[in-house]
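Novice: Structure below; questions to follow.
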Amino acid sequence: MNIIGKLFSGSLIILYTVSVTACGSSKKSDGSSIKEEESALEVQAPTFNADSAYSYVKAQVDFGPRVPNTKAHKECGDYLASELERFGAKVYNQYADLVAYDGTLLKSRNIIGAYNPEAKKRVILFAHWDSRPYADYDEEKYHHTAIDGANDGASGVGVLLEIARQIQKQSPAIGIDIAFFDAEDYGIPEFYQGNYKADTWCLGSQYWGRIPHVSNYKARYGILLDMVGGKNATFYYEGYSQRTANNVMKKIWNAAHELGYGNTFIKEKGGEITDDHIYVNRFRQIPCVDIIHYDTNSDTGFNPTWHTIDDTMENIDRATLQAVGQTVLQVIYNEK
Ligand code: AHN
Ligand code: ZN
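For the sequence shown, the residue numbers in the working numbering are -2 to 333.
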């Protein structure tokens, strides 16, 4: 869009000096004009508070490991639903008995907070809130120890609770749904001796994908936050997101770079990961992007504390929460 177009378009005129450098049309040598990338910073998004997000991560960890069928899980579920309510969302609870890889029935609960529920234009933000019953990437003696899941689970939920708090103060132009999926991390462990069973991860999102909290649920796109609180976190283009939601993914990474988080959001390809976004996309045809800590130097591809007993609060870094939270806020406040 050129400057005149921008002045008349109703977008923020005060910020046009910023956007002129990044947008506008330019003439190619053959005389035709090409539209350049628009700046992600035209709209003023609220300021994400990482201390607040950190406190929501800690509150979850303080319950103990949130393994389905435990007291900590039950209590944390109640806490999350009440927080979403406190932040003004319309809250839906989905209870389901989901069958784990070994036949265990998991008393599961997906928790969804809807903002502006009547709006047709929607974006869904999600994370898993359960934590893994096994430290199966730790020493063998810890394989059956449940992890704190400060990063793996609680970090994404903590960032989303802070986003919920911001939405209550100043609502974006579109409807937002915040979904906390259960039973993501009860997937088949390496040490299991029984028969292999496919699709054992992401049981909560698989359930929601088949039976969403409102019938015929649709959204423009979805953003999954998984392990978004680790130290020196790096987020690469995740393979499945790239194939099914390339435009949204580029939009997120561009926003991050404009906000100064270029060292965290790396514009290079990472791995392809089985995660909740796959099922939200597969069952509901919603393009989804997984923002997930990917480490090119580690054996697992994930951060060094992944599925170990070291996935604790000591390894949570507010700077990472800030980078992810501010980026996601910017992206959703840009939607119209
Ligand atoms: C697998 O390990 C197959 N997928 C990673 C999904 C996950 C587990 N995210 C967090 N914990
Ligand atoms: Zn996990």
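Heads up, the beta-carbon is just placed ideally off N, CA and C, and yes, glycines get one too.
#1: Taking the straight line between their C-alpha atoms, what separation do you get for A170 and H140?
#2: Using DSSP with H/G/I as helix, E/B as strand and the rest coil, what is I329?
#3: How do the stretch 164 to 182 and the stretch 124 to 137 stand: do at least 3 beta-carbon pairs fall below 8 Å, yes or no?
#4: What do you get for N251, buried or exposed, if any count of 16 or more other CB atoms within 10 angstroms of its CB means buried?
#5: Label L103 either buried or exposed according to how many other C-beta atoms from any shown protein chain fall within 10 Å of its C-beta, with 16 as the threshold for buried.
#6: What are the uninterrupted segments assigned as alpha helix (DSSP H) that are 4 or more residues long and contained completely in the stretch 114 to 200, given in chain order?
#7: To test your reading of the DSSP string, which unbroken beta strand (DSSP E) runs of 3 or more residues are found completely within the stretch 247 to 293?
#8: Verify the contact flag: H290, CB atom, against every heavy atom of the ligand ZN, threshold strictly below 7 Å.
#9: Starting from V96, follow the beta strand (DSSP E) in both directions and report where the run begins and ends.
#10: Can H274 be considered in contact with the ligand ZN, in the sense that its beta carbon sits closer than 7 Å to one or more heavy atoms?
#11: I think P186 touches D133, with their Cβ atoms under 8 Å apart; what is that distance to the nearest whole Å?
#12: Note the first and the last residue of the continuous beta strand (DSSP E) segment covering G110.
#13: Since I believe E80 is in contact with L158 (beta carbons under 8 Å), could you give me their beta-carbon distance rounded to a whole number of angstroms?
#14: Mind checking which residues open and close the alpha helix (DSSP H) that includes D223?
#15: Expressed to the nearest angstrom, what Euclidean distance is found between the alpha-carbon atoms of N294 and E115?
#16: Can you pull the DSSP bridge partners for Y234?
#17: Near Q165, which residues of its chain fall below 6 Å by C-beta distance, leaving aside the five closest residues on each side in sequence?
#18: Taking H210 as part of the alpha helix (DSSP H), name the residues at either end of that continuous run.
#19: For Y51 versus I313, is the C-beta distance shorter than 8 Å?
#20: Does the beta carbon of D149 fall short of 7 Å from some heavy atom of the ligand ZN?
#21: Would DSSP call G227 helix, strand or coil?
#22: Out of Y98, R207, V156, point me to the one whose CA is closest to Q190's CA.
#23: Please determine whether the Cβ atom of I313 lies at a distance below 7 Å from any heavy atom of the ligand AHN.
#24: For F232, tell me which candidate among Y276, F262, D287 has the shortest Cα-Cα distance.
#25: Between the Cα of A143 and those of N66, Y204, V286, spot the shortest distance and give me the residue it belongs to.
#26: If we ignore side chains and look at the alpha-carbon of each, how far apart do D149 and Q41 end up?
#27: Can we count G268 as close to the ligand AHN, meaning its CB is less than 7 Å from some heavy atom?
#28: Between E235 and E82, what straight-line distance do the alpha-carbon atoms span, to the nearest angstrom?
#29: Out of G155, P301, R217, L77, state which residue places its alpha-carbon closest to the alpha-carbon of R106.
#30: Count the CB pairs spanning the stretch 270 to 290 and the stretch 209 to 223 that are closer than 8 Å, and state whether there are at least three.
#31: Using a Cβ-Cβ cut-off of 7 Å (strictly less than) and excluding sequence neighbours within five positions of A161, which residues of its own chain qualify?
#32: Ends of the alpha helix (DSSP H) at K68?
#33: Suppose the cutoff is 8 Å on Cβ atoms and the five residues either side in sequence are ignored; what does the same chain contact list for M310 look like?
#34: Just checking R63 against the ligand ZN - is the residue's beta carbon closer than 7 Å to any of the ligand's heavy atoms?
#35: Rounded to whole angstroms, what is the Cα-Cα separation between G226 and E269?
Specialist: In terms of the structure at hand:
#1: The residue labelled residue 170 in the question sits at position 173 within the sequence shown. The residue labelled residue 140 in the question sits at position 143 within the sequence shown. The straight-line gap from Cα to Cα measures roughly 46 Å.
#2: One-based indexing of the sequence shown puts residue 329 at position 332. The answer is helix: DSSP assigns I329 an H, G or I state.
#3: Note that the stretch 164 to 182 touches the stretch 124 to 137; at least 3 beta-carbon pairs, one per stretch, sit closer than 8 Å.
#4: Start at 1 with the first residue of the sequence shown, and residue 251 comes out as number 254. Answer is buried; the Cβ neighbour count reaches 16.
#5: Your numbering for residue 103 matches position 106 in the sequence shown. Buried, by the Cβ-count rule.
#6: Listed in chain order, they are 153 to 166.
#7: The stretch 247 to 293 contains these whole beta strand (DSSP E) runs: 262 to 266, 285 to 289.
#8: Position 293 of the sequence shown, counting from 1, holds the residue named residue 290. Outside the cutoff, so no.
#9: In the sequence shown, residue 96 corresponds to position 99, counting from 1. Where V96 is concerned, the enclosing beta strand (DSSP E) stretches over 87 to 96.
#10: The count along the sequence shown starts at 1 and reaches residue 274 at position 277. No, the ligand ZN has no heavy atom inside 7 Å of this Cβ.
#11: Stepping through the sequence shown from its first residue, residue 186 is reached at position 189. Stepping through the sequence shown from its first residue, residue 133 is reached at position 136. Their Cβ separation, rounded to whole angstroms, is 4 Å, which keeps P186 and D133 in contact under 8 Å.
#12: As a first step, residue 110 must be located in the sequence shown, where it is residue number 113. Residues 102 to 112.
#13: Residue numbering aside, residue 158 sits at position 161 when the sequence shown is read from its first letter. Residue numbering aside, residue 80 sits at position 83 when the sequence shown is read from its first letter. 6 Å between Cβ atoms; contact.
#14: In the sequence shown, residue 223 corresponds to position 226, counting from 1. Element bounds for D223: not the alpha helix (DSSP H) but the beta strand (DSSP E), 218 to 223.
#15: For the purposes of this step, residue 294 is taken as residue 297 along the sequence shown, with counting starting at 1. For the purposes of this step, residue 115 is taken as residue 118 along the sequence shown, with counting starting at 1. Each residue's Cα considered, the two are about 45 Å apart.
#16: If you number the sequence shown from 1, residue 234 lands on position 237. Bridge pairing for Y234: K266 [DSSP].
#17: Numbered from its first residue, the sequence shown carries residue 165 at position 168. So the list reads F84, G85, once near-sequence residues are dropped.
#18: Locating residue 210 in the sequence shown gives position 213, where the first residue counts as 1. For H210, there is no enclosing alpha helix (DSSP H), as DSSP marks it with neither H nor E.
#19: Counting from 1 along the sequence shown, the entry for residue 51 is found at position 54. Counting from 1 along the sequence shown, the entry for residue 313 is found at position 316. Yes, the Cβ-Cβ distance between Y51 and I313 is below 8 Å.
#20: Position 152 of the sequence shown, counting from 1, holds the residue named residue 149. Indeed, a heavy atom of the ligand ZN lies less than 7 Å from the Cβ.
#21: The residue given as residue 227 occupies position 230 in the sequence shown. Here DSSP, grouped into helix, strand and coil, assigns G227 to strand.
#22: Position 193 of the sequence shown, counted from the first residue, corresponds to residue 190. That would be Y98, whose Cα lies nearest to the Cα of Q190.
#23: As a working note, residue 313 is residue 316 in the sequence shown. No, the ligand AHN has no heavy atom inside 7 Å of this Cβ.
#24: By 1-based counting over the sequence shown, the position of residue 232 is 235. Selected option, being the one with the closest Cα: F262.
#25: Reading the sequence shown from its first residue, position 146 is the one you call residue 143. Of the candidates N66, Y204, V286, the one whose C-alpha sits nearest the C-alpha of A143 is N66.
#26: Along the sequence shown, read from residue 1 onward, the residue named residue 149 stands at position 152. Along the sequence shown, read from residue 1 onward, the residue named residue 41 stands at position 44. Going by the C-alpha atoms only, they are around 30 Å apart.
#27: Start at 1 with the first residue of the sequence shown, and residue 268 comes out as number 271. In this structure, the ligand AHN has no non-hydrogen atom nearer than 7 Å to the beta-carbon of G268.
#28: Taking the sequence shown and counting its residues from 1, one reaches residue 235 at position 238. Taking the sequence shown and counting its residues from 1, one reaches residue 82 at position 85. Going from the Cα of E235 to the Cα of E82 covers about 32 Å.
#29: Start at 1 with the first residue of the sequence shown, and residue 106 comes out as number 109. Closest in C-alpha terms to R106, from the list G155, P301, R217, L77, comes L77.
#30: Look at the beta carbons and you see the stretch 270 to 290 touching the stretch 209 to 223: at least three pairs across the two are nearer than 8 Å.
#31: Looking up residue 161 in the sequence shown gives position 164. Closer than 7 Å at Cβ, skipping near neighbours: L81, F84, A86, G110, I175.
#32: By one-based count along the sequence shown, residue 68 stands at place 71. Counting along the chain, the unbroken alpha helix (DSSP H) around K68 starts and ends at 68 to 83.
#33: By 1-based counting over the sequence shown, the position of residue 310 is 313. So the list reads V54, K55, V58, D145, A147, once near-sequence residues are dropped.
#34: Locating residue 63 in the sequence shown gives position 66, counting from the first residue. Taking non-hydrogen atoms of the ligand ZN into account, the C-beta of R63 is found less than 7 Å away from none of them.
#35: As a working mapping, residue 226 is identified with position 229 in the sequence shown. As a working mapping, residue 269 is identified with position 272 in the sequence shown. Taking the straight line from one Cα to the other gives about 20 Å.
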